[in-house]
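Numbering (full-length UniProt numbering), first residue to last: 1 to 308.
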């Protein structure tokens, strides 16, 4: 058996790689991809034209009206779109005393111990996968489906989506949907939470529901700026304290955590027993939403909330 994170050849990906954008580069519609081009043309007329953000995520010099006309999450954590016909973002779950459990930025090539831990705990989660990671580690992505986790899109190259031109934002979602394992997700999470009504409109046209959060572990920032491992522990503890104090007696929570590296996965395992004690239910977001059909394909289903 090969060691974790050893690069390998996988024919189903290798044979199709030219049909996708270069990995870890901002996605564009691939030249000659008439299907993608036709899809974009079919929806482009309904997409707003404003560009909100910046590629670096530094919005300090961005001029934007305080009225927040575009429901720009990065500006004021808006989750109720102002564009007609766009459903609200999911930032909490409707079931009381429930944690919508998930992890961003996978699949990670070193996640075997973490996924085995989840299996040993009989714990399913929502995995927000980056398309470029799936190209690099396709078997690791397939494991999540086999293990019963929910798969959602986390874009092709993990950019600030509101900074992208609309056809490129479309490509960031379109190609990731096509590539993620053998299922077609119906959910996505914007990197850094950076979404507005223009990006929501593109996602909605692709059949993707926007999943955000209200609690942030900041695990991915540990060791940068003023964020320490103690900061991350305090963020987990804050969620647990709120759960024990009845904050989620009428609706549940979603916390942002990551499959990014050994630290984030180890920290998730460290805090899981306390989360399990604090919440009555810990389930994938789809289960918390009573969505038993999380994919376009109808031959795959997840349990209802009552069955969890």
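Quick reminder that beta carbons are idealized off the backbone N, C-alpha and C, glycines included.
Quick caveat: nothing in here was measured; it's all calculated off a predicted structure.
Span of the alpha helix (DSSP H), counted from its first residue to its last, around residue 265: 262–278
Reduced DSSP secondary structure (H/G/I, E/B, other) of residue 150: strand
Same chain, Cβ closer than 6 Å to residue 78, neighbours up to 5 away in sequence not counted: 68, 71
Selected residue, minimal CA-CA separation from residue 134, among 116, 118, 154: 154
Whole alpha helix (DSSP H) elements within the stretch 63–97, 4-residue minimum: 73–76
Selected residue, minimal CA-CA separation from residue 66, among 75, 40, 41: 75
Buried versus exposed, by CB contacts within 10 Å (16 or more), residue 129: buried
Proximity of residue 86 and residue 189 at Cβ, strictly below 8 Å: no
C-alpha distance - residue 256 paired with residue 194, whole-angstrom precision: 14 Å
Secondary structure, alpha helix (DSSP H): runs of 4+ residues fully inside the stretch 170–249: 197–205, 229–244
When 227, 141, 164 are compared against residue 191, the one with the closest alpha-carbon: 164
Where residue 296 falls, given that 16 or more other Cβ within 10 Å makes a residue buried: exposed
C-alpha distance - residue 168 paired with residue 29, whole-angstrom precision: 7 Å
Residue range of the unbroken beta strand (DSSP E) whose run includes residue 299: Residue 299 -> no beta strand (DSSP E), and no H or E assigned at all.
Three or more C-beta pairs below 8 Å linking the stretch 236–250 and the stretch 264–281: yes
Contacting residues, own chain, Cβ-Cβ under 6 Å from residue 207 (five flanking each side not counted): 186
4-residue-minimum alpha helix (DSSP H) runs that sit fully inside the stretch 9–71, ordered along the chain: 11–14, 34–44
Cβ shell of residue 24 (< 6 Å), same chain only, five flanking positions each side left out: 132, 157
Coarse secondary structure for residue 117, derived from DSSP in three states: helix
Distance CB(residue 106)-CB(residue 127) smaller than 8 Å: yes
Pairwise C-alpha distance: residue 82 and residue 43: 19 Å
Contacts around residue 148, its chain only, beta-carbon distance under 7 Å, and the 5 residues preceding and following it disregarded: 124
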